[in-house]
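Below: one structure, written as structure tokens.
Residue numbers (this note's numbering), protein chains in the order written: chain A, 418 to 1064; chain B, 12 to 393.
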């Protein structure tokens, strides 16, 4: 079968043509591949190089250790202690069930926790350590370490955990730390990457949160090369973090513990301040709670018992609680009048037990009246009518302005949570918020610290310190940060007539030391440390006509939550004031009976830097005080550094 | 022109034949294989095991096989075309019943000493049978419907069987190679226009079928197409391969990160780094220069085959050589498109570079046939 030559030639030409077409297509495709290569490898090289680096390099944060907090004498108040946990690495553990069973024989494992850990382990890469037991005791840890050969893949890990050695004594001052929550992350703008570390602790309340920036420190970082499964192949470099700043509070831990113990059993608050420097030596609120519970994660039962307690342990009464200052406000009204020159040297007012102002009758606390009273007597015996009379003369503007100069109605700059502003009312304020115009009766109420007037224990302490020093001293809670002394709270002179201030101080001295003074029962008889003060009793509500008809006239007959608040402010020593104290006992009844004794004990404790000699007390009180001192020594906690066994 | 017309005395005979081999082609093949050894050594973290050493042995075997096949006269291979094709079909049938399942597909027959992948063999035998068919067919009949239908069936039977395994990549390669030979053989262009038109229609139908009962592709195949079209949609799931492969390629830059310095492959970000995605390692470590050089080597191999084919007056020989060249082209073109994100991931290895025995031996066998055509080409009497 021979093909014609022509046919063969024609066929080959066609074949060549077709092959050329196909070859051309192939060449075009090769060109396209080359162009793609050039596009990916040359044009976009930088971008892909970056992506490759991102693939390869992981940044692992190294959490810094949190700054520790000490009292003014260097006693630790918030520390970091090693906390141990037991982790298992799946790829090293072999038979995981068996390993966990063996581990369970050595330490007690929470079945729920084990369940959770096993699930987590299934989901994550085999080389990642999974926590099986947290907060392991040293004994358990040693048992695990000793048996390490029988427990493949089981390793103890050490972390740092926050501990408050004094437990409840500083709950309201320091607050507490806790793991970062989703809520925290939402709240913080541009959160530090650190906060994304699981179980990282940040301040939640109090100094811990207010000075979070100083305490937290800066994260260190490890740059590591990882493979596709996330396993670390090698460390490229490491930059250690900067530990948080240590700080010192102005608080004297011995005094703080005493005050907290002295307030025990009451719903009360006390503030002790240095009259010159403004250092807060103690700031207490009772009842309190153990912040260590919150660090570990509080059980709902414990939490409920805190929220359901009618004494409100969670409330920080010293700065957050505002109360009508009652008669402790009378110094302000008097100062306003004195500075205006409205009280003559021998001027007296007649108190018949009541006074009628624009048709309304205002009663003195003493129904029978005080008779003729001058300034000193009015304060000493706490005559209300005298101040009603002053109020009408001075007017609310002057009173409020004077209150503000003494630090009332001002949000003092202390790094604690929910610091209240209190309230010093003005005509404008009433029109704005109540849509009513100011009436002279309001001024009368304000003059004795009732009505709209509200102040916190801290504000009352500042007011008293300013009266005692004559300077615009401001409270200071932080003594040093990183060893650097923080600005003192010492202030400029208030610019008031020194004679007027001296008159007030003498009147306050009389309140405590004059036989007819309202706080005579709480006097100090040691001359070097005599104190001057003022009682206050602020009404929570009026006794109604119906109750009066039933015969309820005495505070003690009312249910607890409707009884009057007891207040007392004082400074000491009278001759050379060093400390100012404010005490409030919620629903405690009269200031002279409930608050003044506490203030005296605290004052002596502060001035003697420990239990005072019984000779400082009047003879008849000494036996009682001796017993009390003994009892309180029993209550006061020894600093519990480990902080574990404290309920 | 049949082999009877060969002037036998003008064809080299005996051991002398070895000098008439297409040596430039052989050197190019060895060079490409050498690139393969280098890369396999690199992806194993600088070690000859587990990949580079077996690969070298296989290439040596393949090279010997190529020379042996080349020594056998081309007319013998032409006569064997029918037998070889029938044998391949039987093996494909065998896969149906005795095949080994791997990666969701039934592709191999375990012969004990090696695992044979009949679909690889089909690439060669299909080219042989088509070349033999058009050599035999009188040229005026080649565009008549009946005589067009026969090669179409010859193509579709193995394609259908491979598709059942299922192996979409290889069936597309078979279809393209078969169609290419028909085109070169001179079948009227209108047929191709029709088929391409129908193909576009089919693609539309395939997408239409998605989610219905008569779905034409497996779900994973659809997913691959999806991620090909938009790899960013699922960077950690199905799009992972393409995304990581592009990162590796791109991070190579002009000159690459250096031998064994490619982080993407060394740290396992690349999938299948020793087989289908080995090109990315080359591109990462040797950059644009390295990657383009390999492409140039491939293009040269094609060029030498085409030159050899066109200078060969024997119709079977030139069709066979062009068919093999086309197959080879499709191999690397599809693989490179795939790793560069121009085509969906269909599982086609990079010829002579990717680790794999079956593919390498079949490829060397095919080049043996091309060499035989070159050695035994009809020569003018000098």
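Glycine included, C-beta positions come from ideal geometry on N, C-alpha and C.
No experiment lies behind these values; they were computed from the predicted model shown.
Using beta carbons (cut-off 9 Å, strictly below), is residue 306 (chain B) in contact with chain A?
yes
Along chain B, which residues have their Cβ under 9 Å away from the Cβ of residue 424 (chain A)?
Per Cβ cutoff of 9 Å: 149, 150 and 151.
Give me the residue from A:686, A:857 and A:431 with the minimum Cα distance to residue 814 (chain A).
A:857
In this structure, does DSSP put residue 154 (chain B) in helix, strand or coil?
coil
Restricting to runs no shorter than 3 residues, where is the beta strand (DSSP E) found entirely within the stretch 697–764 of chain A?
697–703
Would you please state the rounded distance, in angstroms, between the beta carbons of residue 130 (chain B) and residue 173 (chain B)? I believe it to be under 8 Å.
Rounded to the nearest angstrom, the Cβ distance from residue 130 (chain B) to residue 173 (chain B) is 5 Å, consistent with a contact under 8 Å.
Report buried or exposed for residue 810 (chain A), applying the criterion of at least 16 other Cβ atoms within 10 angstroms of its Cβ.
Burial call: exposed.
On the three-state DSSP scale, how would you describe residue 68 (chain B)?
helix
Mind listing the chain B neighbours of residue 650 (chain A)? Cutoff is C-beta to C-beta under 8 Å, in chain order.
278
CB contact below 9 Å: residue 205 (chain B) versus chain A:
no
Is it true that the CB of residue 595 (chain A) sits closer than 9 Å to the CB of residue 404 (chain A)?
Here chain A comprises residues numbered 418 to 1064, so residue 404 (chain A) is not present and cannot be evaluated.
Chain-order list of residues whose beta-carbon lies under 6 Å from that of residue 31 (chain B) (same chain, five-residue window excluded)
23 and 386
By the DSSP assignment, the beta strand (DSSP E) with residue 781 (chain A) in it spans what residues?
Counting along the chain, residue 781 (chain A) falls outside any beta strand (DSSP E), and DSSP gives it neither H nor E.
Cβ-Cβ distance between residue 576 (chain A) and residue 640 (chain A) below 9 Å:
no
Beta strand (DSSP E) segment containing residue 573 (chain A), residue limits
Here the beta strand (DSSP E) through residue 573 (chain A) covers 571–580.
Shorter than 9 Å from the beta carbon of residue 470 (chain A) to some beta carbon of chain B?
For residue 470 (chain A), the answer is yes, since a Cβ of chain B falls inside 9 Å of its Cβ.
Which bits of chain B does residue 462 (chain A) rub up against, with CB to CB less than 9 Å?
261, 262, 263, 264, 265, 298 and 299
Name, going along the chain, the residues of the stretch 179–203 of chain B whose beta-carbon falls closer than 8 Å to a beta-carbon of chain A.
191, 194, 195, 196 and 197: these are the residues of the stretch 179–203 of chain B whose beta carbon lies less than 8 Å from some beta carbon of chain A, given in chain order.
DSSP state of residue 987 (chain A) mapped onto helix, strand, coil
strand
Runs of beta strand (DSSP E) lying entirely within the stretch 795–839 of chain A, each at least 3 residues, in chain order
none
Chain B residues whose Cβ lies nearer than 8 Å to that of residue 428 (chain A):
150, 197 and 326
Among the residues of its own chain, which have a CB less than 8 Å from the CB of residue 986 (chain A), if the five just before and after it don't count?
745, 877, 878, 880, 881, 950, 951, 953, 997, 998, 999, 1000 and 1016
Is the stretch 363–373 of chain B in contact with the stretch 33–47 of chain B, if contact means three or more CB pairs nearer than 8 Å?
A contact exists between the stretch 363–373 of chain B and the stretch 33–47 of chain B.
CA-CA distance, residue 530 (chain A) and residue 472 (chain A)?
One alpha carbon belongs to residue 530 (chain A), the other to residue 472 (chain A), and they sit about 33 Å apart.
Residues of the stretch 473–496 of chain A with Cβ closer than 7 Å to any Cβ of chain B, in chain order
473
Quick check: the Cα distance between residue 915 (chain A) and residue 887 (chain A), rounded to an integer number of angstroms?
8 Å
The alpha helix (DSSP H) spanning residue 86 (chain B) covers which residue range?
Residue 86 (chain B) -> alpha helix (DSSP H) spans 85–109.
Using 9 Å as the limit for Cβ to Cβ distance, is residue 50 (chain B) near chain A?
Cβ-Cβ to chain A under 9 Å: no for residue 50 (chain B).
Using a 10 Å radius around the Cβ and a threshold of 16 neighbouring Cβ atoms, would you call residue 90 (chain B) buried or exposed?
That one is exposed.
Quick check on this structure: which residue in A:541, A:623 and A:509 has the alpha carbon closest to the alpha carbon of residue 569 (chain A)?
A:509
Below 6 Å CB to CB, which residues in the same chain sit around residue 54 (chain B) once its five sequence neighbours on both sides are set aside?
276, 284, 285 and 292
For residue 714 (chain A) and chain B, any beta-carbon pair shorter than 9 Å?
no
Please classify residue 264 (chain B): does DSSP put it in a helix, a strand, or coil?
coil
Does the stretch 600–607 of chain A come into contact with the stretch 544–556 of chain A, if we say contact requires no fewer than three beta-carbon pairs (one atom in each stretch) closer than 8 Å?
no
Limits of the alpha helix (DSSP H) - the one that residue 999 (chain A) falls within:
Note, residue 999 (chain A): premise wrong, no alpha helix (DSSP H); beta strand (DSSP E) at 996–1002.
Rounded C-alpha distance that separates residue 794 (chain A) from residue 678 (chain A):
Pairing residue 794 (chain A) with residue 678 (chain A), the inter-Cα distance amounts to about 35 Å.
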